[in-house]
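Q:
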Amino acid sequence: MRNERQTDDVALGIRRRVFEHAIRNNGGYLSQACSAAEQLAWLYNEELKLGAPTLPMIPKPFEGVPSQDNPDYHTGAGYNGPATPHHDRLFIAPAHYALVAYATLIEVGRMAPEGLEMFNQDGSSVEMIGAEHSPGMEVHNGTLGIGLSTASGLAYGRRLRGETGRTWVFMSDGEVQEGQTWEAVQACAHHGIDTVLAIMDVNDQQCDGAMSSVMDVGDIRTKFLNFGASCVEIDGHDLSAMRDAVQEPHAGKPLIILARTNPFHSMSILEERFPRLHYVRFKSEDERARFNTSIAADLGVDPVDYGH
Amino acid sequence: MVEMVNRPYAKAFETFAAGNPDILCLSADLTSSCEIDGFRDRHPDQFLSLGMAEQNMMSFAGGLGLAGFRPFIHTFGVFMYRRPYDQLMASIAYPRRKVRLMGFLPGVTTPGGMTHQSIEDISVMRSIPNMTILETGDATEVESICEAADSIDGPVWCRVLRGSVPRLFDTPIKVGDMRELSTGDDILVVTSGICTEEAMRARAAFTKAGLAIRHLHLHTIKPFDAQQLLDHIGSVRHGVVTLENHVTEGGIGSLVAETMADAGVGKKLVRLGLKDTYAHGGSRPYLMRYYGLDALALVRGIEKLMGQEFDISEDDLAVARVDDVHSLVKAEAL
Numbered sequence: 002m003r004n005e006r007q008t009d010d011v012a013l014g015i016r017r018r019v020f021e022h023a024i025r026n027n028g029g030y031l032s033q034a035c036s037a038a039e040q041l042a043w044l045y046n047e048e049l050k051l052g053a054p055t056l057p058m059i060p061k062p063f064e065g066v067p068s069q070d071n072p073d074y075h076t077g078a079g080y081n082g083p084a085t086p087h088h089d090r091l092f093i094a095p096a097h098y099a100l101v102a103y104a105t106l107i108e109v110g111r112m113a114p115e116g117l118e119m120f121n122q123d124g125s126s127v128e129m130i131g132a133e134h135s136p137g138m139e140v141h142n143g144t145l146g147i148g149l150s151t152a153s154g155l156a157y158g159r160r161l162r163g164e165t166g167r168t169w170v171f172m173s174d175g176e177v178q179e180g181q182t183w184e185a186v187q188a189c190a191h192h193g194i195d196t197v198l199a200i201m202d203v204n205d206q207q208c209d210g211a212m213s214s215v216m217d218v219g220d221i222r223t224k225f226l227n228f229g230a231s232c233v234e235i236d237g238h239d240l241s242a243m244r245d246a247v248q249e250p251h252a253g254k255p256l257i258i259l260a261r262t263n264p265f266h267s268m269s270i271l272e273e274r275f276p277r278l279h280y281v282r283f284k285s286e287d288e289r290a291r292f293n294t295s296i297a298a299d300l301g302v303d304p305v306d307y308g309h
Numbered sequence: 011m012v013e014m015v016n017r018p019y020a021k022a023f024e025t026f027a028a029g030n031p032d033i034l035c036l037s038a039d040l041t042s043s044c045e046i047d048g049f050r051d052r053h054p055d056q057f058l059s060l061g062m063a064e065q066n067m068m069s070f071a072g073g074l075g076l077a078g079f080r081p082f083i084h085t086f087g088v089f090m091y092r093r094p095y096d097q098l099m100a101s102i103a104y105p106r107r108k109v110r111l112m113g114f115l116p117g118v119t120t121p122g123g124m125t126h127q128s129i130e131d132i133s134v135m136r137s138i139p140n141m142t143i144l145e146t147g148d149a150t151e152v153e154s155i156c157e158a159a160d161s162i163d164g165p166v167w168c169r170v171l172r173g174s175v176p177r178l179f180d181t182p183i184k185v186g187d188m189r190e191l192s193t194g195d196d197i198l199v200v201t202s203g204i205c206t207e208e209a210m211r212a213r214a215a216f217t218k219a220g221l222a223i224r225h226l227h228l229h230t231i232k233p234f235d236a237q238q239l240l241d242h243i244g245s246v247r248h249g250v251v252t253l254e255n256h257v258t259e260g261g262i263g264s265l266v267a268e269t270m271a272d273a274g275v276g277k278k279l280v281r282l283g284l285k286d287t288y289a290h291g292g293s294r295p296y297l298m299r300y301y302g303l304d305a306l307a308l309v310r311g312i313e314k315l316m317g318q319e320f321d322i323s324e325d326d327l328a329v330a331r332v333d334d335v336h337s338l339v340k341a342e343a344l
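Next up, the structure:
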């Protein structure tokens with residue numbers, strides 16, 4: 002399934018949806034849309050080989066957690082199409098990017114816009130931190146650092162079964178602080194798992210602020226190379242660089258694309274909130290109004306009429 | 011004399027898993043210590059070494075489960091839930107992956123001390139939704155643990171005995187059931203794992219002393235058939251004593267206590283096991299004596315419940331098993 006729109010147009014649409022949602026709800030994961038819109042747009046609009054969605058365009062309400070007594074339970078992976086052998090799989094490892102990921106599903110026609118209205122509403126499956134049952138999710142990744150390992154296991158299993166589809170992970174740079182990330186890379190290298198591919202939003206930000214102030218991680222490209230991955234570093238807002246990066250040979254190794262990004266990209270006023278960008282909640286009506294006007298101008302849309 | 015079986019898991023796992031492509035054997039650098047070295051050598055296509063990296067191993071196994079495989083993870087029990095608890099929850103238990111967690115060296119069966127002794131694992135696993143818990147108490151149960159675990163539609167925590175293991179039973183584990191080892195009507199004794207052998211030793215002495223013991227052995231700890239236990243409790247006059255190779259909080263002592271409280275049973279209960287303490291390193295017989303997990307401890311527990319002494323000494327207990335401490339498969343080997 003391919004979308005007919007230009008990928009940069011999809012990225013713009015993602016930012017517009019996240020912006021509108023954040024203004025209406027007096028806050029949200031705005032910076033993640035700034036940094037990651039091109040990556041998710043590129044994955045869904047160009048790179049991933051996905052089948053048609055198998056779940057309803059308007060997400061169903063929360064239908065219970067997995068248990069023996071819940072035989073009809075299913076994950077939200079159906080928004081990415083069926084788990085067929087030749088199709089790709091995608092994990093959103095930092096599930097805190099869920100709002101951006103949901104906006105992406107809408108922009109590429111995999112979920113109805115009504116889905117975003119259900120975001121973080123009680124009884125909804127469209128959860129704030131993407132859950133297994135949330136649209137486009139297949140596993141829980143809210144605990145950071147487990148996504149790459151899960152993908153590695155799935156990819157190893159798919160290789161044993163002779164499946165040709167790849168297993169993609171959208172990652173965040175904060176995850177390299179977790180030891181598990183490095184355990185996963187060494188396991189992929191040891192077992193020659195090269196059907197795992199990751200694109201990492203390297204925005205240098207984490208919940209407490211700039212990563213350099215919280216726990217500096219140094220030269221992560223060198224680290225990935227030393228742990229046995231192939232690793233390419235690109236401008237994470239440059240779509241042609243992504244297209245080139247995925248061509249990097251990585252036989253017997255996972256491919257990690259480090260997408261260096263700007264956490265204020267396309268929303269310059271966000272810099273006022275540096276270094277606390279993880280979740281932006283407006284501190285006053287005045288701030289909300291100023292952000293509304295400024296970001297709307299950046300994104301080429303009218304300010305949101307949020308009934309103030 | 012009790013028959014001793016040498017490395018029953020090694021043969022049982024290979025017999026069960028070999029040639030079944032959906033079963034994978036995972037190891038974290040404790041391959042011979044978990045008796046799967048032969049399997050590794052003879053069935054390399056089903057074997058996966060994941061190194062000393064348990065956090066990755068748990069999530070990796072979750073990914074294998076997502077791909078439709080049924081991974082059997084082999085390492086010491088402690089290493090599968092203490093450090094990688096988050097991964098156990100998020101990658102295995104929540105999504106009900108069919109991962110079989112083969113936890114070796116339960117409780118004080120290792121001289122490795124605190125870092126190697128899983129003394130609270132049952133407590134932890136009982137509180138994890140979707141988890142099934144099985145514990146082996148003899149060679150026959152070790153021989154049947156793979157089939158029992160693999161019959162579960164979800165994750166399974168198994169306490170597995172290794173090395174030289176006594177054969178106490180002649181029927182395999184039947185998941186959900188409990189073994190009725192004696193049918194007395196004075197006291198109900200509930201045991202699991204290596205403590206069952208201890209209780210069997212004490213039983214004969216009480217019979218001589220005129221106290222009839224009803225003895226239950228639990229290999230299935232979760233799910234648990236409460237009514238079956240209540241029926242047994244209803245069949246004895248005086249009360250219940252539990253004995254476990256685990257802390258008394260959250261293990262089978264708690265399980266029995268909760269079952270009695272839920273049903274409003276007013277009988278006495280004495281819970282034996284590790285009493286809110288860590289253990290240290292030492293031989294199994296020494297540790298079982300020191301921490302009150304052995305036959306003599308059960309005698310004292312029953313005396314406490316009855317409020318009388320039965321004049322049973324160590325000499326009255328059936329002959330204790332003596333491990334060949336020089337054997338290559340001795341329990342002490344790491």
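Sequence order for the protein chains is C and H. According to this note's numbering, the first sequence is numbered sequentially starting from 2. According to this note's numbering, the second sequence is numbered sequentially starting from 11. Glycine is no exception: its CB is placed at the ideal position from the N, C-alpha and C atoms.
1) Let me know if H:E45 comes out buried or exposed under the rule of 16 or more other beta-carbons within 10 Å of its beta-carbon.
2) Helix, strand or coil: how does DSSP classify H:R17 here?
3) Report the residues of the region 99-124 of chain H with a CB closer than 7 angstroms to any CB of chain C, ordered along the chain.
4) For chain C, is any of its Cβ atoms less than 8 angstroms away from the one on H:S137?
5) Around the Cβ of C:Y98, are there at least 16 other Cβ atoms within 10 angstroms (buried) or fewer (exposed)?
6) From H:L240 to H:V200, what does the alpha carbon distance come to, in whole angstroms?
7) For C:V170, return the contacting residues in chain H, with the cut-off set at a CB-CB distance below 9 angstroms.
8) Counting contacts by CB-CB distance shorter than 8 angstroms, is H:A27 in contact with chain C?
9) DSSP has C:D202 in a bridge; who is on the other side?
10) Quick check on H:M298: buried or exposed, where buried means 16 or more other Cβ atoms within 10 Å of its Cβ?
11) Give the secondary structure of H:D333 by DSSP, where H, G and I count as helix, E and B as strand, and everything else as coil.
12) Assign H:H336 to buried or exposed, taking buried as 16 or more other Cβ atoms, counted over all protein chains shown, within 10 Å of its Cβ.
13) For C:D236, list the residues DSSP reports as bridge partners.
14) To the nearest angstrom, how far is the alpha carbon of C:R167 from that of H:L279?
15) I'd like to know whether the C-beta of H:D96 is nearer than 8 angstroms to at least one C-beta of chain C.
16) Under the three-state reduction of DSSP, which class applies to C:H191: helix, strand or coil?
17) Here's a check: name, in chain order, each residue in its chain whose Cβ is nearer than 7 angstroms to the Cβ of C:R277, leaving out the five neighbours to either side.
18) Chain C partners of H:A71, CB-CB under 8 angstroms?
19) For H:R211, which of H:A267, H:Y91, H:L327, H:M316 has the nearest alpha-carbon?
20) On the DSSP letters alone, give me the boundaries of the alpha helix (DSSP H) that C:E139 sits inside.
21) H:P94 by DSSP, collapsed to three states: which one?
22) Name the residue from C:L149, C:S153, C:F120, C:V177 whose alpha carbon lies nearest to the alpha carbon of C:F171.
23) Kindly provide the ranges of any alpha helix (DSSP H) runs that are 4 or more residues long and lie completely inside the region 44-122 of chain C, ordered along the chain.
24) Using the beta-carbon of each residue, which ones in chain H are nearer than 7 angstroms to C:H141?
25) For H:V144, which residues in chain C fall below 9 angstroms Cβ to Cβ?
26) Compute the distance between the beta-carbons of H:F320 and H:F234, then report whether it is under 8 angstroms.
27) Do you know how far the Cα of C:W183 is from the Cα of H:R294?
28) Mind pulling the chain C residues with CB within less than 9 angstroms of H:G78?
29) According to DSSP, simplified to helix, strand and coil, what is H:E342?
30) Ignore the nearest five residues each way along the sequence and tell me which others in H:F89's own chain have a CB closer than 6 angstroms to its CB.
31) Since H:N30 meets chain D, which of its residues come closer than 8 angstroms, beta carbon to beta carbon?
32) Less than 8 angstroms between the CB atoms is what I'm expecting for C:N81 and C:G137, so what's the real figure, rounded?
33) Considering only the beta carbon of each residue, do C:A297 and C:D303 sit closer than 8 angstroms?
34) Closer than 8 angstroms, Cβ to Cβ, to anything on chain H: give me those residues from the region 172-187 of chain C, in chain order.
35) What are the boundary residues of the beta strand (DSSP E) that H:K278 is part of?
A: Looking at the atomic coordinates:
1) Here the question's residue 45 of chain H lines up with position 35 in the second sequence. H:E45 should be labelled buried.
2) As a first step, residue 17 of chain H is located in the second sequence; it is residue number 7 there, counting from the start. In the structure shown, H:R17 sits in coil (DSSP, three-state: anything other than H, G, I, E or B).
3) Taking a C-beta cut-off of 7 angstroms against chain C, the contacting residues of the region 99-124 of chain H are A100, S101, Y104, P105, R106, listed in chain order.
4) As a position in the second sequence, residue 137 of chain H is number 127, starting the count at 1. Chain C, which has no Cβ nearer than 8 angstroms to the Cβ of H:S137, makes this no.
5) Translated into positions along the first sequence, residue 98 of chain C becomes position 97. The residue is buried, with at least 16 neighbouring Cβ atoms inside 10 Å.
6) Residue numbering aside, residue 240 of chain H sits at position 230 when the second sequence is read from its first letter. Residue numbering aside, residue 200 of chain H sits at position 190 when the second sequence is read from its first letter. Straight-line Cα distance between these residues: approximately 12 angstroms.
7) Mapped onto the first sequence, residue 170 of chain C falls at position 169. The contacting residues do not exist; C:V170 stays about 11 angstroms from chain H at best.
8) To locate residue 27 of chain H, count along the second sequence from 1; it is residue 17. Taking 8 angstroms as the threshold, the shortest C-beta distance from H:A27 to chain C does not fall below it.
9) Counting from one through the first sequence, the residue named residue 202 of chain C turns up at place 201. Beta-bridge pairing links C:D202 to C:S173, C:A260.
10) One-based indexing of the second sequence puts residue 298 of chain H at position 288. The residue in question, H:M298, is buried, as its Cβ has 16 or more Cβ neighbours within 10 Å.
11) Here residue 333 of chain H is taken as the residue at index 323 of the second sequence, counted from 1. Residue placement at H:D333 is flagged as unreliable, the pLDDT there being 48, under the threshold of 50; a coordinate-derived value is accordingly withheld.
12) Walking along the second sequence from the start, residue 336 of chain H turns up at place 326. With a pLDDT of 35 at H:H336, under the threshold of 50, the predicted position of this residue should be treated as unreliable, and no value is reported.
13) Reading the first sequence from its first residue, position 235 is the one you call residue 236 of chain C. According to DSSP, C:D236 bridges with C:R261.
14) Locating residue 167 of chain C in the first sequence gives position 166, where the first residue counts as 1. Locating residue 279 of chain H in the second sequence gives position 269, where the first residue counts as 1. Each residue's Cα considered, the two are about 57 angstroms apart.
15) The residue labelled residue 96 of chain H in the question sits at position 86 within the second sequence. For H:D96, at least one C-beta of chain C is nearer than 8 angstroms to its own C-beta.
16) Walking along the first sequence from the start, residue 191 of chain C turns up at place 190. Residue state, collapsed to three classes: helix.
17) Position 276 of the first sequence, counted from the start, is the residue given in the question as residue 277 of chain C. Excluding positions up to five away in sequence, the list reads G210.
18) Counting from one through the second sequence, the residue named residue 71 of chain H turns up at place 61. Listed by position along chain C, the residues whose Cβ is nearer than 8 angstroms to that of H:A71 are G154.
19) Reading the second sequence from its first residue, position 201 is the one you call residue 211 of chain H. Here the closest residue by C-alpha is H:L327.
20) For this step, residue 139 of chain C is matched to residue 138 along the first sequence. Unbroken run through C:E139: none, as it is neither H nor E.
21) What you label residue 94 of chain H is simply residue 84 of the second sequence in a count that begins at 1. Coil at H:P94, not helix or strand.
22) For this step, residue 171 of chain C is matched to residue 170 along the first sequence. Per the C-alpha coordinates, the member of C:L149, C:S153, C:F120, C:V177 positioned closest to C:F171 is C:L149.
23) List check, alpha helix (DSSP H) in window: 99-108, 115-118.
24) Counted from its first residue, the first sequence places residue 141 of chain C at position 140. Contact of C:H141 with chain H by beta-carbon distance below 7 angstroms involves A100, Y104.
25) As a position in the second sequence, residue 144 of chain H is number 134, starting the count at 1. Correcting the residue type first, residue 144 of chain H is Leu in the shown sequence and not Val. Taking a Cβ-Cβ cut-off of 9 angstroms, H:L144 has no neighbours in chain C, whose nearest Cβ is about 16 angstroms from it.
26) In the second sequence, counting from the first residue as 1, residue 320 of chain H sits at position 310. In the second sequence, counting from the first residue as 1, residue 234 of chain H sits at position 224. Cβ distance not < 8 angstroms, so H:F320 and H:F234 don't count as in contact.
27) Taking the first residue of the second sequence as 1, we reach residue 294 of chain H at position 284. Taking the first residue of the first sequence as 1, we reach residue 183 of chain C at position 182. Using only the alpha carbons, I get a separation of about 37 angstroms.
28) For the purposes of this step, residue 78 of chain H is taken as residue 68 along the second sequence, with counting starting at 1. Residues of chain C whose Cβ lies closer than 9 angstroms to the Cβ of H:G78 are, in chain order, G158, R162.
29) In the second sequence, the residue the question calls residue 342 of chain H occupies position 332. Any answer about H:E342 is weak, because its pLDDT of 44 lies below 50 and its placement is not dependable; what the coordinates show is given next. Looking at H:E342 - three-state DSSP - the assignment turns out to be coil, as it is neither helix nor strand.
30) Taking the first residue of the second sequence as position 1, residue 89 of chain H is located at position 79. For H:F89, where only same-chain residues beyond five positions count, the Cβ hits under 6 angstroms are E64.
31) Absent from the structure: chain D. Protein chains present are C and H.
32) Taking the first sequence and counting its residues from 1, one reaches residue 81 of chain C at position 80. Taking the first sequence and counting its residues from 1, one reaches residue 137 of chain C at position 136. Confirmed, about 6 angstroms.
33) Start at 1 with the first residue of the first sequence, and residue 297 of chain C comes out as number 296. Start at 1 with the first residue of the first sequence, and residue 303 of chain C comes out as number 302. In contact: C:A297 and C:D303 (Cβ atoms closer than 8 angstroms).
34) The region 172-187 of chain C vs chain H, Cβ under 8 angstroms: G180, Q181, E184, A185, Q187.
35) What you label residue 278 of chain H is simply residue 268 of the second sequence in a count that begins at 1. It spans 278-284 - the beta strand (DSSP E) in which H:K278 sits, taken as one unbroken run.
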